[in-house]
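*Asks:*
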Amino acid sequence: MTDPHAALRRFVLDSRDLPLDWRSKGFGGLASAPTAAGLAVAGLRLADLGTPVMTLDEGAVRHNLSAMADWCAERGVRLAPHGKTTMAPALWLAQLEHGASAITVATTAQLQAAHAFGVRTAVLANEVVGAAELRWLAATRDADPGFEVLSWVDSIAAVERVEAVLADRPAARPLAVAVEVGPAGGRTGARSPAEIAAVADRVVASPCCVLAGVSGYEGAVPGSGGDAAGLAAVEAYLRALVAAYEQLADRFETPVVTVTAGGSAHFDQVAAALAPLAGDQGGHAVEVVLRSGAYVVHDDVHYAGVTPSVRGGGPALRPAVHVWASVLSRPEPDLVLLDAGKRDLPFDLGLPVLLSAVRRGVAGQPVALGPTEVLRLNDQHAYVRVTPDCALAVGDVVRLGISHPCTAFDKWRTVAVVDDVTGFDPAVVDAVATYF
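At position 230 of the sequence shown (counting the first as 1) the number is 235 in the working numbering, and the numbers step up by one without a gap.
1) With respect to the beta strand (DSSP E) encompassing residue 217, which residues constitute its N-terminal and C-terminal limits?
2) Taking just the CA atoms, how far does residue 338 sit from residue 444?
3) For the beta strand (DSSP E) containing residue 39, name the first residue and the last one.
4) Here's the rule: buried if 16 or more other CB atoms are within 10 angstroms of the residue's CB, otherwise exposed. What is residue 92?
5) Within its chain, find whatever has a CB closer than 8 Å to the CB of residue 98; leave out the 5 residues flanking it on each side and keep chain order.
6) Reducing DSSP to helix, strand and coil, say where residue 206 ends up.
7) Whose C-alpha, out of 270, 313, 282, is nearest the C-alpha of residue 244?
8) From the DSSP output, read off the bridge partner residues of residue 265.
9) Quick check on residue 297: buried or exposed, where buried means 16 or more other Cβ atoms within 10 Å of its Cβ?
10) On the premise that residue 219 lies in contact with residue 182, defined as a C-beta separation below 8 Å, what is that separation, rounded to the nearest angstrom?
11) Check this for me: beta carbons of residue 301 and residue 115, under 8 Å apart or not?
12) Between 323, 88, 161, which lies nearest to residue 196 when the distance is taken from Cα to Cα?
13) Residue 323 and residue 69 look like a contact to me (Cβ under 8 Å); what is the Cβ gap, rounded to whole Å?
14) By Cβ distance, which residues of its chain are closer than 8 Å to residue 310, with the 5 residues on each side in sequence left out?
15) Quick check on DSSP: helix, strand or coil for residue 412?
16) Helix, strand or coil, according to DSSP, for residue 6 in the structure here?
17) Any idea what DSSP makes of residue 310, helix, strand or coil?
18) If you draw a straight line from the C-alpha of residue 43 to the C-alpha of residue 32, how long is it?
19) Rounded to whole angstroms, what is the Cα-Cα separation between residue 185 and residue 75?
20) Are the Cβ atoms of residue 360 and residue 319 separated by less than 8 Å?
21) Just how far apart, CA to CA, sit residue 39 and residue 411?
22) Curious, which full-length alpha helix (DSSP H) runs of at least 4 residues does the segment 113 to 167 contain?
23) Terminal residues of the continuous beta strand (DSSP E) containing residue 435?
24) Counting only runs of 3+ residues fully inside the segment 22 to 83, write out the beta strand (DSSP E) ranges in chain order.
25) Cβ of residue 61 within 8 Å of Cβ of residue 422?
26) Measuring alpha carbon to alpha carbon, tell me which residue in 385, 382, 362, 387 is nearest residue 375.
27) For the putative contact between residue 280 and residue 80, defined by C-beta atoms under 8 Å, what is the C-beta separation to the nearest angstrom?
28) Please report the distance separating the alpha-carbon of residue 251 from that of residue 201.
29) Can you tell me where the beta strand (DSSP E) with residue 174 in it begins and where it stops?
30) So the candidates are 198, 211, 203, 153; which of them puts its Cα closest to the Cα of residue 172?
31) For residue 156 and residue 271, what's the separation of their Cα atoms in angstroms?
32) CB residue 425 to CB residue 64, shorter than 8 Å?
33) Determine the closest residue to residue 122 out of 256, 94, 147, with distance taken between C-alpha atoms.
34) According to the Cβ coordinates, are residue 178 and residue 134 closer than 8 Å?
35) Measuring alpha carbon to alpha carbon, tell me which residue in 335, 139, 431 is nearest residue 112.
Next up, the structure:
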């Protein structure tokens, strides 16, 4: 049987043979440059790497992959995880090997990277209007018949833009598009049933596109959140998405119709609302596709507070991504400065939190933290409020829990993989490359 992920697997294996040196934060101080493929036998411990350094907990990643795959399978929905979270081909491959049907990307540049990696099926969860991007997409799909892409349109103008750009270079395979449904006051997406119908009719009339589904993103709903009002706003939007599918049921032009939504905060609601559509629907098969991406690594702050499991509606996920930093200075009794800042840590959806600390040496010992708070970040420093009796001293290493993995991975060319993040000095067993 042909391996559908063979090209991606080759890319990942080849990348694991590249040396890890000064070009990868944390690895520059090693006496020799190991490869990711050789880390498991090199005997390196986390203490051998420099700080700051970002790590993935091997066991937590494995748990999250299985938990999400099982949860989706039980509900009869597919998963096309958002690759922009990590832009890490090794993690994408793991997600596909755990049953994901495609990889989602947000931009044509990310789609170009996905194609170069060897991804065969992708969801481009965005409008494509740039001339260079449209020409590349059409030409690449024609040259590579096994490369399948579903992109979005939300207006007649978007369809006409595709036609105008491709007028002198018509694609042999029309672009498969979904009509995007958007909430009032939200982001992109057609706002009303009349607009949705008009866009769909224009797609059907176009020689450059075929109507393949409906799409949306509940995270852009104004007021969406974990409180009762936010959950209700998401529910109302999802009802509109279902209504859009029903409205267009006789217009779809592909044997498989995709109905897709689902970020990392409300995928339980999305599955509940859309799963009844999955299956044979009078002449075409409907696939309900979630696009959650952050689940693979989760976090200790933002998603820890909004993931469906806090409402009893989703799989229990474990935070797998952390940043380790050294104490540089304690210039005041209640102030500690770390060597990690905005270049190393996400800060758009909350500042990191201190989880643990160690004092490394011949024996090594844990350091009691007491109450701490990251106050702010500079480019390369974190300001941490501590109590005067806190034991942290210059040279101690702290483990930081992060908020919002989507803006963490873009700061790291290489992410070390450790066997157990809770250990005193975890073994470094692998490394994952990112491509932002």
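Glycine is no exception: its CB is placed at the ideal position from the N, C-alpha and C atoms. Treat the numbers as computed from the prediction; the structure is a model and nothing was measured.
*Replies:* Answer, in terms of the structure:
1) Position 212 of the sequence shown, counted from the first residue, corresponds to residue 217. Counting along the chain, the beta strand (DSSP E) containing residue 217 begins and ends at 214 to 220.
2) No answer is possible for residue 444: the residues shown for the chain start at 6 and end at 441.
3) Working through the sequence shown from its first residue, we reach residue 39 at position 34. Looking at the DSSP string, residue 39 is not in any beta strand (DSSP E), and its letter there is neither H nor E.
4) For the purposes of this step, residue 92 is taken as residue 87 along the sequence shown, with counting starting at 1. Buried: at least 16 other Cβ atoms inside 10 Å.
5) Along the sequence shown, one-based indexing puts residue 98 at 93. Once the five neighbours on either side are set aside, the close Cβ partners of residue 98 are 10, 13, 14, 17.
6) Along the sequence shown, one-based indexing puts residue 206 at 201. In this structure, DSSP gives residue 206 a helical state, which the three-state scheme calls helix.
7) Numbered from 1 along the sequence shown, position 239 holds the residue referred to as residue 244. Restricting attention to 270, 313, 282, the CA atom closest to the CA of residue 244 is found in 282.
8) The count along the sequence shown starts at 1 and reaches residue 265 at position 260. Under the DSSP definition of a beta bridge, residue 265 partners with 220, 294.
9) The residue labelled residue 297 in the question sits at position 292 within the sequence shown. That one is buried.
10) As a position in the sequence shown, residue 182 is number 177, starting the count at 1. As a position in the sequence shown, residue 219 is number 214, starting the count at 1. Contact flag wrong, Cβ pair sits at about 10 Å.
11) Position 296 of the sequence shown, counted from the first residue, corresponds to residue 301. Position 110 of the sequence shown, counted from the first residue, corresponds to residue 115. Residue 115 is positioned such that its CB atom lies no closer than 8 Å to that of residue 301.
12) Walking along the sequence shown from the start, residue 196 turns up at place 191. When only C-alpha atoms are compared, the closest one is 161.
13) Taking the first residue of the sequence shown as position 1, residue 323 is located at position 318. Taking the first residue of the sequence shown as position 1, residue 69 is located at position 64. At roughly 6 Å, the Cβ-Cβ gap stays under 8 Å, so residue 323 and residue 69 are in contact.
14) Here residue 310 refers to the residue found at position 305 when the sequence shown is read from its first residue. Here the set comprises 231.
15) Residue 412 sits at position 407 when you count from the first residue of the sequence shown. Here residue 412 sits in helix by DSSP.
16) Stepping through the sequence shown from its first residue, residue 6 is reached at position 1. Judged by DSSP in its simplified three-state form, residue 6 adopts coil rather than helix or strand.
17) Within the sequence shown, the letter at position 305 stands for residue 310. Helix, per DSSP.
18) Here residue 43 is taken as the residue at index 38 of the sequence shown, counted from 1. Here residue 32 is taken as the residue at index 27 of the sequence shown, counted from 1. Distance between the alpha carbons of residue 43 and residue 32: 14 Å.
19) The residue you call residue 185 lines up with position 180 of the sequence shown. The residue you call residue 75 lines up with position 70 of the sequence shown. Cα to Cα, residue 185 sits roughly 28 Å from residue 75.
20) For the purposes of this step, residue 360 is taken as residue 355 along the sequence shown, with counting starting at 1. For the purposes of this step, residue 319 is taken as residue 314 along the sequence shown, with counting starting at 1. Contact: no.
21) Within the sequence shown, residue 39 is the residue found at index 34, counting from 1. Within the sequence shown, residue 411 is the residue found at index 406, counting from 1. Distance between the alpha carbons of residue 39 and residue 411 is about 27 Å.
22) 113 to 122, 136 to 148
23) As a working mapping, residue 435 is identified with position 430 in the sequence shown. Taken as a continuous stretch (DSSP letters only), the beta strand (DSSP E) holding residue 435 covers 433 to 438.
24) 58 to 62
25) Here the question's residue 61 lines up with position 56 in the sequence shown. Here the question's residue 422 lines up with position 417 in the sequence shown. Yes, these two residues count as a Cβ contact at 8 Å.
26) As a position in the sequence shown, residue 375 is number 370, starting the count at 1. Closest option to residue 375, judged by alpha-carbon separation, among 385, 382, 362, 387: 362.
27) Against the sequence shown, residue 280 aligns to sequence position 275. Against the sequence shown, residue 80 aligns to sequence position 75. Yes, they are in contact, since the Cβ atoms of residue 280 and residue 80 sit about 5 Å apart, within 8 Å.
28) The residue given as residue 251 occupies position 246 in the sequence shown. The residue given as residue 201 occupies position 196 in the sequence shown. Distance between the alpha carbons of residue 251 and residue 201: 11 Å.
29) For the purposes of this step, residue 174 is identified with residue 169 of the sequence shown, where counting begins at 1. Premise fails: residue 174 is in no beta strand (DSSP E) and is neither H nor E.
30) Taking the first residue of the sequence shown as position 1, residue 172 is located at position 167. Taking only the C-alpha atoms, the option nearest residue 172 is 211.
31) If you number the sequence shown from 1, residue 156 lands on position 151. If you number the sequence shown from 1, residue 271 lands on position 266. Taking the straight line joining both Cα atoms gives about 22 Å.
32) Stepping through the sequence shown from its first residue, residue 425 is reached at position 420. Stepping through the sequence shown from its first residue, residue 64 is reached at position 59. Yes.
33) Start at 1 with the first residue of the sequence shown, and residue 122 comes out as number 117. The shortest Cα separation from residue 122 among 256, 94, 147 belongs to 94.
34) Residue mapping note: residue 178 aligns to position 173 of the sequence shown, counting from 1. Residue mapping note: residue 134 aligns to position 129 of the sequence shown, counting from 1. Cβ atoms of residue 178 and residue 134: not closer than 8 Å.
35) Walking along the sequence shown from the start, residue 112 turns up at place 107. Ranking 335, 139, 431 by Cα distance to residue 112 puts 139 first.
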